[in-house]
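In what follows, a single structure is set out as structure tokens and then discussed.
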Amino acid sequence: MLKLDNLTVSYGSIKALKGINIQVREGEIVALLGANGAGKTTTLKSLSGIVPIEKGSIDFFGKDIANLAPEKITSLGIVQSPEGRQIFPDITVEENLRIGAFTIKSRKQIAKNFERVYKYFPILLERKKQLAGTLSGGEQQMLAIARALMVSPKVLLLDEPSLGLAPLIVKAIFEIVKEINSEGTTVLIIEQNALQTLKIADYGYVLEVGEVSMEGKASELIQDKRLLEAYLGG
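Under full-length UniProt numbering, think of the first position of the sequence shown as 1, with each following residue one higher.
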């Protein structure tokens, strides 16, 4: 479905990604793990067309989408929920969601997408007329994910959805991500919270300074001593 082949990205003289190879199979949750500065966010930004690719290819259903404009990538069905939520604080929850559906022309589909996201996140239905900036951190994260889902994505890219949230909220969000996936949306999730992520993922990759250092089935990675020591505190 989605294949990154020899993907190389540089910021000036600094190589952020050094020829990584990653595959996301349709219907799976794939985890991309690693410490700060490992290249996780750069990978997602490359997929979204936000940062230019120096070398390599991104194959999506047989088409190379490397360096396509972000809006074209979104219209193909690759949609990102960015790190730090990046919602629009001065407009309502409902207006944020409607902006998310900007590529959808069918009113019927937009209504269906509203129904879907309110099913996943009923608190957003309660808060739909509230200014987004007045939501709690967890609610803002839910809104960021819901806004991405309004585009009817084939692949949902999640950038650090647990960042800065209380453990109970993190648990709830991961359960919803699992539900979203079970209903047909492929997910690529990048996280520092390796344990929680591997519990819901099918496959995982570990990035270290721009290179894939480990990969495998999530059920196997979660048992790996090296991973436990490096990312789960032993």
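For each residue, glycine too, the CB sits at the ideal point set by N, CA and C.
Open item on the list: Residues in the same chain with beta-carbon distance under 8 Å from G234, minus the five sequence neighbours each way, listed in chain order, please.
Closed with: Since pLDDT at G234 reaches only 43, below the 50 mark, its modelled position is unreliable, and no value is offered.
- [ ] Jot down the residue ranges of each uninterrupted beta strand (DSSP E) in the region 88–163, minimum 3 residues, whole runs only, in chain order.
- [x] The qualifying runs are 155–159.
Task: Proximity below 8 Å, CB of A201 to CB of V30 - done: A201 is a Cβ neighbour of V30, given a cutoff of 8 Å.
TODO: Tell me whether E208 sits in a helix, a strand or coil according to DSSP, three-state version.
DONE: Reduced to three states, the DSSP call for E208 is strand.
Open item on the list: In this structure, how does DSSP classify E4 when only helix, strand and coil are distinguished?
Closed with: First, the residue type needs correcting, since residue 4 is Leu and not Glu in the sequence shown. Here L4 sits in strand by DSSP.
- [ ] Identify, in the order they occur along the chain, each residue of the same chain with its Cβ nearer than 6 Å to the Cβ of K3, setting aside the five sequence neighbours on each side.
- [x] Sequence-distant Cβ neighbours of K3 in its own chain, meaning closer than 6 Å and more than five residues away, are Q23 and D59.
- [ ] Helix, strand or coil for N181, going by three-state DSSP, please let me know.
- [x] Helix.
Open item on the list: Any contact between the region 219–228 and the region 168–188? By contact I mean 3 or more CB pairs, one from each, below 8 Å.
Closed with: The region 219–228, when compared against the region 168–188, does not touch it at the 8 Å Cβ threshold.
TODO: Specify, as a first and last residue, the run of the alpha helix (DSSP H) that A75 falls within.
DONE: Per the sequence presented here, residue 75 reads as Ser, with Ala not at that position. Annotation: the continuous alpha helix (DSSP H) that includes S75 extends over P70 to L76.
Open item on the list: Mapping the DSSP letters down to three states, classify F61 as helix, strand or coil.
Closed with: Coil, per DSSP.
Task: T134, buried or exposed, once every other Cβ within 10 Å from all chains shown has been counted against 16 - done: Exposed, since its Cβ has fewer than 16 Cβ neighbours within 10 Å.
Task: Exposure label - A69; buried when at least 16 CB within 10 Å - done: Under this definition A69 is an exposed residue.
Task: Distance CB(I20)-CB(V212) smaller than 8 Å - done: Yes.
Open item on the list: Residues in the same chain with beta-carbon distance under 8 Å from S81, minus the five sequence neighbours each way, listed in chain order, please.
Closed with: Result list for S81: A144, I145, R147, A148, L156, L157, L158, D159 and P161, in chain order.
TODO: Give the straight-line distance between the Cα atoms of E191 and K108, rounded to the nearest whole angstrom.
DONE: Computed Cα separation, rounded: 34 Å.
- [ ] Along the beta strand (DSSP E) that carries E191, what are the first and last residues, could you check?
- [x] Where E191 is concerned, the enclosing beta strand (DSSP E) stretches over T186 to E191.
Task: Nearest neighbour of K63, chosen from I173, M1 and T197 [CA to CA] - done: Closest in alpha carbon position to K63, among I173, M1 and T197, is M1.
- [ ] Compute the distance between the beta-carbons of M150 and L97, then report whether it is under 8 Å.
- [x] For the pair M150 and L97, the CB atoms are nearer than the 8 Å cut-off.
Task: Same chain, Cβ closer than 7 Å to S75, five either side skipped, listed in chain order - done: Taken in chain order, the residues that qualify are T103.
Task: Secondary structure of S46, DSSP reduced to three states - done: Note: S46 maps to helix in three-state DSSP.
Open item on the list: Judging by CA-CA distance, which residue of G49, G39 and F121 is the nearest neighbour of G77?
Closed with: Its Cα nearest to that of G77, the residue G49 stands out among G49, G39 and F121.
- [ ] Take the Cβ of E139 as the centre, count every other Cβ of all protein chains shown within 10 Å, and call the residue buried at 16 or more, exposed below.
- [x] Looking at its Cβ environment, which holds 16 or more other Cβ atoms inside 10 Å, E139 is buried.
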